[in-house]
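Student: Residues in the sequence shown are numbered consecutively from 11, following my numbering. Take this structure first; my questions come after.
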Amino acid sequence: MALSLKKFMELSKPWDYDFKNEYPWNEDMPVQIDSISLFLKYKTTPPGFDCDCCDLANEIYALLWGCSPMSGRDRWSPRYSLGVLEDAVKIAVDSFYDLVIFDKKSLERETMNSFKTTYDQAIKIEIKKQTNIELSDYQKRSGWIDIQKLKNDHPNILEKVDGNKKLQTFARLTHSIGNFTMLINPSLLNYKGGFNPGRYPLTKDYWDLSLDLMRKELDEDELYKAYIKSFYLEGFVDDSYNAVPLFTRMTSPDMPEPQTYSELDEFLTNVNNRITARGKHIVSLLKELL
């Protein structure tokens, strides 16, 4: 059931609220459902709803950052006004004249840390432990795990993966206010469809790698620093504004995803802590503004 901003702020832990609950679920929705099952159910819903641009999210963006959906766009594929970033964009444009090729007119919304990629990777890590299962038998042509087929053949694998409490927490926090932000489109040449889908091949939606990529592509450090400050992303960077790794990529440094259980555990600990901390900060700012 959709919440008003007032009701959202009355929750005991607004930063922990799962925006998947904003979807207009049918009455047959189970009263008790774990966070991973809710995520998978959400991913099977028809197109026409996104957590990070639902009415509640948009109201928060407008209040915090002055970013509102621009007219002339599809309801579920919005671009947003520059809001708090307008002055920084103007300075960057004035400094570099017409040489600046990033999108100077709008921002796009983004769920920073994707759950789907990590969930798939957690399953792959567990499958690789098994001597009687071939990973390739359960991968679709796209590379994603065929969860239903795996559930039919080896339900114990999913039971073990879904029993990971930190993974369950991430399934909830991935669609919480602490994991939502706005994105600059750093290159109109390289990211014609937007930086959101454009970052995936190189980063697999890991936010530390995404920030590094954005900084490199933007090639305008003052604007990048203004972006970090404007959207309360300091918890994801160090004092020099370099992205702090979400986990140590020890096994395969060139691979964005965790390759072992220890890497997965480190990632889940860090990502959950950072999303929660940013969410609490956002909620405290909302309280001051309301």
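The beta-carbon is built from N, C-alpha and C at its ideal position, and this holds for glycine as well. Predicted model only: the values in this text are computed from it and were never measured.
Who does residue 190 pair with in a DSSP beta bridge?
Tutor: 121
Student: Given that a residue counts as buried once 16 or more other Cβ atoms are within 10 Å of its Cβ, and exposed if not, what is residue 237?
Tutor: buried
Student: Just to confirm the assignment, what range does the alpha helix (DSSP H) spanning residue 230 have?
Tutor: Element bounds for residue 230: n/a, residue is neither H nor E.
Student: Evaluate contact between the segment 111–124 and the segment 208–225, counting only Cβ atoms and requiring at least three cross-stretch pairs below 8 Å.
Tutor: yes
Student: Could you tell me which uninterrupted beta strand (DSSP E) segments, each at least 3 residues in length, are contained entirely in the segment 147–200, listed from first to last along the chain?
Tutor: Runs of the beta strand (DSSP E) inside the segment 147–200: 190–193.
Student: Can you tell me whether DSSP reads residue 12 as helix, strand or coil?
Tutor: coil
Student: By how many angstroms is the C-alpha of residue 52 removed from the C-alpha of residue 131?
Tutor: 19 Å
Student: Report, in whole angstroms, the separation of the C-beta atoms of residue 220 and residue 209, which I expect to be a contact under 8 Å.
Tutor: 5 Å
Student: Whole angstroms is fine: what's the gap from residue 178's alpha carbon to residue 141's?
Tutor: Answer to the nearest angstrom: the Cα atoms are 26 Å apart.
Student: Any idea which residues DSSP pairs residue 90 with across the strands?
Tutor: In the DSSP output, where bridge partners are listed per residue, residue 90 has 79, 117.
Student: So, residue 6 versus residue 63, is the Cβ gap smaller than 8 Å?
Tutor: No answer is possible for residue 6: the residues shown for the chain start at 11 and end at 300.
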